[in-house]
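Novice:
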Amino acid sequence: MRTKHLIPNNAAGLTYAARDYSAREDYGGGDGGGGGGGTDPFEGFPDAVLGLILSKLPFRSAVAASAISRRWRGAVAAAPALDLDFAAAFPAAPRRRAAFAAAVTAALGPCSAPPHPHPHPLHCLRLALEGLFDQTFAASAAEHLASWLAAAAARGVERLELRLPRSRLAVLPPSLLACTSLTSLTLRLDHYALPLPSFTTFARLSRLHLACVSLNADDDFFGDLFSHCAELRYLILEQCRIGALRLTGPSRLSSLAITDCSWTQESALAVFEMPELRILHYSGAIAARHIIDGDVSLDDILLAIEKPLVKPREAALRELLTLVGNARRLVLSPWCIEQFARPEEWSKLQLDKVRRLACIIERREEGALSIAPLLSSCRNVEELCVSVVPSQGKWRRNSDDGECHGVLGGKRVSVKHLKVVRMKYIDESKSGFELVKVLLKNAPALETMTIVPSMDGLEQAKFRRKVLKLRKSSQNASIQFCTTG
Numbered sequence: 001m002r003t004k005h006l007i008p009n010n011a012a013g014l015t016y017a018a019r020d021y022s023a024r025e026d027y028g029g030g031d032g033g034g035g036g037g038g039t040d041p042f043e044g045f046p047d048a049v050l051g052l053i054l055s056k057l058p059f060r061s062a063v064a065a066s067a068i069s070r071r072w073r074g075a076v077a078a079a080p081a082l083d084l085d086f087a088a089a090f091p092a093a094p095r096r097r098a099a100f101a102a103a104v105t106a107a108l109g110p111c112s113a114p115p116h117p118h119p120h121p122l123h124c125l126r127l128a129l130e131g132l133f134d135q136t137f138a139a140s141a142a143e144h145l146a147s148w149l150a151a152a153a154a155r156g157v158e159r160l161e162l163r164l165p166r167s168r169l170a171v172l173p174p175s176l177l178a179c180t181s182l183t184s185l186t187l188r189l190d191h192y193a194l195p196l197p198s199f200t201t202f203a204r205l206s207r208l209h210l211a212c213v214s215l216n217a218d219d220d221f222f223g224d225l226f227s228h229c230a231e232l233r234y235l236i237l238e239q240c241r242i243g244a245l246r247l248t249g250p251s252r253l254s255s256l257a258i259t260d261c262s263w264t265q266e267s268a269l270a271v272f273e274m275p276e277l278r279i280l281h282y283s284g285a286i287a288a289r290h291i292i293d294g295d296v297s298l299d300d301i302l303l304a305i306e307k308p309l310v311k312p313r314e315a316a317l318r319e320l321l322t323l324v325g326n327a328r329r330l331v332l333s334p335w336c337i338e339q340f341a342r343p344e345e346w347s348k349l350q351l352d353k354v355r356r357l358a359c360i361i362e363r364r365e366e367g368a369l370s371i372a373p374l375l376s377s378c379r380n381v382e383e384l385c386v387s388v389v390p391s392q393g394k395w396r397r398n399s400d401d402g403e404c405h406g407v408l409g410g411k412r413v414s415v416k417h418l419k420v421v422r423m424k425y426i427d428e429s430k431s432g433f434e435l436v437k438v439l440l441k442n443a444p445a446l447e448t449m450t451i452v453p454s455m456d457g458l459e460q461a462k463f464r465r466k467v468l469k470l471r472k473s474s475q476n477a478s479i480q481f482c483t484t485g
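If you're matching positions, the sequence shown starts at 1 in this note's numbering and goes up one per residue.
Okay, here's the thing in structure tokens:
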């Protein structure tokens, strides 16, 4: 075996042994350095570098690194980012709560604020305490939580994510309000029924994410929030129970996400004096009322509303669909698409500003062609994405000579500006093939159509041959077939 190529500098007398010896000399680990065993090469690294290294590791590995040498023993306290997850740190030993608490206390440092800025500021902190609030350790865990947040405040934490389990003692401590340097705050509180504290001290807060909390109708939490957090730009509400959501400015809020929230019977969503609000992501259940100020002009809208168990009022549907009047990017769920296809005059909105349209449709007889009335309203759309999901009802394939339920209504679909189409999990049914046919026939500016069929093997080959035989109004259109979405 030739080994000469492994030591390219052997002609100069440099071998791996000589190289390692010279490296130890550079760190004072030669024969004259004392001890004869050499010194840790990381001895000369500053605390900030060691802390940055440990911030890239899981917390359990970062704590274990303290056993390498004395130099690494306190390095975790200099980490600029900490992910403190009890369940991940001790997955096989859930009873090691005291050991976890001691390690977190050592990593965050003292909780008393120093007279000068902390030498190692904390930029990002994640505290996930599921399983820590055991029946016998809950009181101690609550005390630890208060001291940990005080220590994080002393280090000027900027981004904080706090996850608390369902427990009588798992409450937000007052030391949370001492984190005045926060720019991003995520509170994931399992069935948290207590009222949220007033965030009057978070003057720099720009992003707030609330999950699994109750927002009562008579609570003025958001009024205080917008009056004191002038820099708030992003608000996310996830799996919350909402009685009334009243967002009143003036505010610089630009993005609002309401994800999988539950609403009371007389709930309402009201938005006033939000001139910079441009993004609305609204999924899950629907509120009973929607009151939106006329000055709000939304550009990016996602309406993934599920079909309600009780038919909503006509006024609620009218208020909901009129939100999309000025949208440039629009994403709609199957139920919302059905509302645009209804014959009522208020549902015939002209969506001339929509440039990017994404539709989620159900796999059923008229599923694919159900977006035809919507395309007639979006006359200037340039990008279209259609994703097919399984239908809740029984799916029946149309016969070859069957009708498509008249969803086109005899009206020509005009998509003159359409350039890019992506269709995921389209099948060979009458409606799926007809939609491809309609788009190819009425899109003179089409450049690319990407199809991800839902079938495999021979059926996919037959479907592909049928599509490639269709007449195209755009001579430059390229039809591509992919196997994955």
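All C-beta atoms, glycine included, are put in the ideal place defined by N, C-alpha and C. A quick note: this is a predicted structure, and the numbers were derived from the prediction, not measured.
Ser69 to Glu43, Cα distance in whole Å?
Specialist: The alpha-carbon atoms of Ser69 and Glu43 are separated by roughly 9 Å.
Novice: Tell whether a beta-carbon distance below 8 Å holds between Leu351 and Val324.
Specialist: In contact: Leu351 and Val324 (Cβ atoms closer than 8 Å).
Novice: Looking only at C-alpha atoms, which of Glu459, Met455, Val421 sits nearest to Asn442?
Specialist: Measuring from the Cα of Asn442, the nearest candidate turns out to be Val421.
Novice: With distances taken between CB atoms, is the gap from Ile258 to Leu237 smaller than 8 Å?
Specialist: Against a cut-off of 8 Å, the Cβ pair of Leu237 and Ile258 comes out as a contact.
Novice: Among the candidates Met455, Leu302, Ser175, Val296, whose CA atom is the shortest distance from the CA of Ser283?
Specialist: When only C-alpha atoms are compared, the closest one is Leu302.
Novice: Would you identify the three-state DSSP class for Ser251, choosing helix, strand or coil?
Specialist: Coil, per DSSP.
Novice: How many Å lie between Cys482 and Leu82 at the Cα?
Specialist: In a straight line, the C-alpha of Cys482 is about 41 Å away from that of Leu82.
Novice: Considering just the uninterrupted stretch of the beta strand (DSSP E) at Val413, what are its terminal residues?
Specialist: Counting along the chain, Val413 falls outside any beta strand (DSSP E), and DSSP gives it neither H nor E.
Novice: Do you know how far the Cα of Phe199 is from the Cα of Ser255?
Specialist: The straight-line gap from Cα to Cα measures roughly 19 Å.
Novice: Can you list, in chain order, the stretches of the beta strand (DSSP E) that have 3 or more residues and sit fully within the region 126-176?
Specialist: Runs of the beta strand (DSSP E) inside the region 126-176: 159-164.
Novice: Quick one: Cα of Leu160 to Cα of Phe202, how far?
Specialist: Distance between the alpha carbons of Leu160 and Phe202: 12 Å.
Novice: Going straight from the alpha carbon of Pro46 to that of Ser66, what length do you get?
Specialist: Going from the Cα of Pro46 to the Cα of Ser66 covers about 15 Å.
Novice: Could you tell me if Pro453 is buried or exposed, where buried requires 16 or more neighbouring beta carbons within 10 angstroms of its beta carbon?
Specialist: Burial call: buried.
Novice: For my contact list, Trp181 and Glu158 are in at a C-beta cut-off of 8 Å; report their separation, rounded to the angstrom.
Specialist: Strictly speaking, residue 181 in this sequence is Ser, with Trp absent from that position. Going by Cβ atoms, the distance from Ser181 to Glu158 rounds to 6 Å, so yes, they are a contact pair.
Novice: Would you say Pro121 faces chain D, with C-beta separation under 8 Å as the test?
Specialist: You won't find chain D in this structure, because it holds only one protein chain.
Novice: Using beta-carbon positions only, say whether His417 and Asn476 come within less than 8 Å of one another.
Specialist: No. Outside cutoff.
Novice: Quick check: the region 278-292 against the region 309-327, are at least 3 beta-carbon pairs closer than 8 Å?
Specialist: In short, these stretches touch, since the Cβ pair count reaches three.
Novice: Entirely within the region 275-344 and at least 4 residues each: give me those alpha helix (DSSP H) ranges in chain order.
Specialist: Fully enclosed alpha helix (DSSP H) runs of 4 or longer: 314-321, 334-340.
Novice: Here's a check: name, in chain order, each residue in its chain whose Cβ is nearer than 6 Å to the Cβ of Lys353, leaving out the five neighbours to either side.
Specialist: The answer, listed in chain order, is Asn326, Arg328.
Novice: Determine the DSSP secondary structure at Leu194, reduced to helix, strand or coil.
Specialist: In this structure, Leu194 counts as coil in the three-state DSSP scheme.
Novice: Who are the Cβ neighbours of Cys124 in its own chain at under 6 Å, not counting the five residues just before and after it?
Specialist: Same-chain partners within the cutoff: Ala81, Arg159.
Novice: Thinking just about the alpha-carbon of each residue, which of Ala107, Leu349, Trp148 is nearest to the one in Phe59?
Specialist: It is Ala107.
Novice: Starting from Val63, follow the alpha helix (DSSP H) in both directions and report where the run begins and ends.
Specialist: Here the alpha helix (DSSP H) through Val63 covers 59-64.
Novice: Check for me: the beta strand (DSSP E) holding Pro453 runs from which residue to which?
Specialist: Segment 448-453, the beta strand (DSSP E) holding Pro453.
Novice: Could you check where the beta strand (DSSP E) with Ser481 kicks off and where it finishes?
Specialist: Strictly speaking, residue 481 in this sequence is Phe, with Ser absent from that position. Where Phe481 is concerned, the enclosing beta strand (DSSP E) stretches over 478-481.
Novice: Quick check: what's the CA-CA separation for Pro373 versus Val413?
Specialist: Rounded to the nearest angstrom, the two C-alpha atoms are 8 Å apart.
Novice: Measure the C-alpha to C-alpha separation of Ala138 and Leu127 and round it to an integer number of angstroms.
Specialist: Approximately 16 Å between the Cα atoms of the pair.
Novice: Could you check where the alpha helix (DSSP H) with Asp224 kicks off and where it finishes?
Specialist: First-last of the alpha helix (DSSP H) with Asp224: 221-228.
Novice: Taking C-beta to C-beta, are Ala102 and Glu130 nearer than 8 Å?
Specialist: Result no, Cβ atoms of Ala102 and Glu130 do not sit closer than 8 Å.
Novice: Is DSSP giving Ser262 helix, strand or coil here?
Specialist: If DSSP states are grouped into helix, strand and coil, Ser262 belongs with the strands.
Novice: Would you say Val213 and Tyr192 are within 8 Å of each other, going by their C-beta atoms?
Specialist: Against a cut-off of 8 Å, the Cβ pair of Tyr192 and Val213 comes out as a contact.
Novice: Rounded to the nearest angstrom, how far is the Cβ of Cys240 from that of Leu210, given a contact under 8 Å?
Specialist: About 6 Å; that satisfies the 8 Å criterion.
Novice: Given Leu196, which residues of its chain have a CB within under 6 Å of its CB, disregarding the five upstream and five downstream residues?
Specialist: Excluding residues within five positions, the ones whose Cβ falls inside 6 Å are Phe221.
Novice: Comparing alpha-carbon positions, which option in Ala316, Phe272, Ser267, Leu277 lies nearest Leu247?
Specialist: Closest by alpha carbon: Phe272.
Novice: Where does the unbroken alpha helix (DSSP H) through Leu349 begin, and where does it stop?
Specialist: Note, Leu349: premise wrong, no alpha helix (DSSP H); not H, not E.
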